[in-house]
Amino acid sequence: MNKEENKFADVPLRVKTWIYIILIFALGISHPFIMTIFVSWIAFQSFFEFLRLFKISSNRIIPSIFVGVSQFLLLNFSSLENYFLYSLVLSIIVLIYFSLLKTPFQQISKIVIALIVCLFAFPHLYFIRENFSGIHSIIFIVVVTELNDVFQYLMGKFFGKHKITPQISPNKTLEGFLGGVFLTIILSNILGFFLLKTNILVNSILGLALGISGFFGDLFISYLKRKASIKDTGKLLPGHGGLLDRMDSLIFNAPLFFWLLPYLLKI
Numbered sequence: 026m027n028k029e030e031n032k033f034a035d036v037p038l039r040v041k042t043w044i045y046i047i048l049i050f051a052l053g054i055s056h057p058f059i060m061t062i063f064v065s066w067i068a069f070q071s072f073f074e075f076l077r078l079f080k081i082s083s084n085r086i087i088p089s090i091f092v093g094v095s096q097f098l099l100l101n102f103s104s105l106e107n108y109f110l111y112s113l114v115l116s117i118i119v120l121i122y123f124s125l126l127k128t129p130f131q132q133i134s135k136i137v138i139a140l141i142v143c144l145f146a147f148p149h150l151y152f153i154r155e156n157f158s159g160i161h162s163i164i165f166i167v168v169v170t171e172l173n174d175v176f177q178y179l180m181g182k183f184f185g186k187h188k189i190t191p192q193i194s195p196n197k198t199l200e201g202f203l204g205g206v207f208l209t210i211i212l213s214n215i216l217g218f219f220l221l222k223t224n225i226l227v228n229s230i231l232g233l234a235l236g237i238s239g240f241f242g243d244l245f246i247s248y249l250k251r252k253a254s255i256k257d258t259g260k261l262l263p264g265h266g267g268l269l270d271r272m273d274s275l276i277f278n279a280p281l282f283f284w285l286l287p288y289l290l291k292i
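Following this line, the structure appears as structure tokens:
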């Protein structure tokens, strides 16, 4: 197998896994209640992967279940205004738990990052579904974000020559980044027209913002993995790694979309 063929050796496996991801995603967003279960599972799985990533040696299952179940209760029984306050209290409880286990301060600070992502960033997926155009809005943000990843990956494979962050993520290139953002703007206009009923200006701003923000979300997790000297956050998704490896771009994109869209709708 030559070098050019080897570049695309993992594509069939990644595509096969994508089919399963799409099916699970479709089920997860099909109903508001199911969506709360779906987002709570994301919190559980992501927190578990973070504990692995940060090499937390204590039992990882118990606190991960606690985070997932607590998230489910908060999403179902608290308002948006109260959610963040209660999540802060929940985070303090989790940090006290790890402190009682005599977890080193350096790792405690890393657990704070995990809590911010799991309890404050990812839940925006549920808030988006509930506050903007229902199922259409969640389809828009997830499809645009995930295909931005795919666009940047493929553009990098085909045209990538100039590395952007060789010390953090050696495979990321300037050509992949620019090509991916350009295609994301086009995709945002297509989906925005049909799903959000928004104009070209709004769709283009969303595409540009999500393309750039998604890149930095990906880079953020890549940096944490580089610091931990691991390739993937888990093995849940063959060809992709863990759930965090697949959802990293949504860490920034979900909150950005939720808070930015109301202002863009006034244009």
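Numbering follows this note's numbering, in which position 170 of the sequence shown is assigned residue number 195; successive positions increment by one, without gaps.
We put the beta carbon where it would ideally sit given N, CA and C, even for glycine.
Computed from a predicted model, the values in this text were never measured in an experiment.
Residue range of the unbroken beta strand (DSSP E) whose run includes Pro195: Ser194 to Thr198
Cβ neighbour criterion (16 or more within 10 Å) applied to Leu126: exposed
Sequence-distant residues of its chain with Cβ nearer than 7 Å to Tyr248 (five each side left out): Ile193
Rounded straight-line distance, which links the Cα of Ser274 to that of Pro280: 11 Å
Boundaries of the beta strand (DSSP E) in which Lys256 is found, first to last residue: Lys256 -> no beta strand (DSSP E), and no H or E assigned at all.
Exposed unless 16 or more other CB atoms sit within 10 angstroms - verdict on Gln177: buried
Leu140 vs Ser116 beta-carbon contact at 8 Å: In contact: Leu140 and Ser116 (Cβ atoms closer than 8 Å).
Euclidean distance between Cα positions of Met26 and Glu200: A caution first: Met26 carries a pLDDT of 47, below 50, which makes its placement in the model too unreliable to give a value.
For Ile81, the three-state DSSP class (helix, strand or coil): Of the three classes helix, strand and coil, the one that applies to Ile81 here is coil, per DSSP.
C-alpha gap between Ser213 and Phe165, whole angstroms: Each residue's Cα considered, the two are about 8 Å apart.
Host alpha helix (DSSP H) of Thr42 (start-end): Its alpha helix (DSSP H) spans residues Val36 to Gly53.
Alpha-carbon to alpha-carbon, Val92 and Tyr108: For Tyr108 and Val92, the distance between alpha carbons rounds to 14 Å.
Ile189 in three-state terms, based on DSSP: Here Ile189 sits in strand by DSSP.
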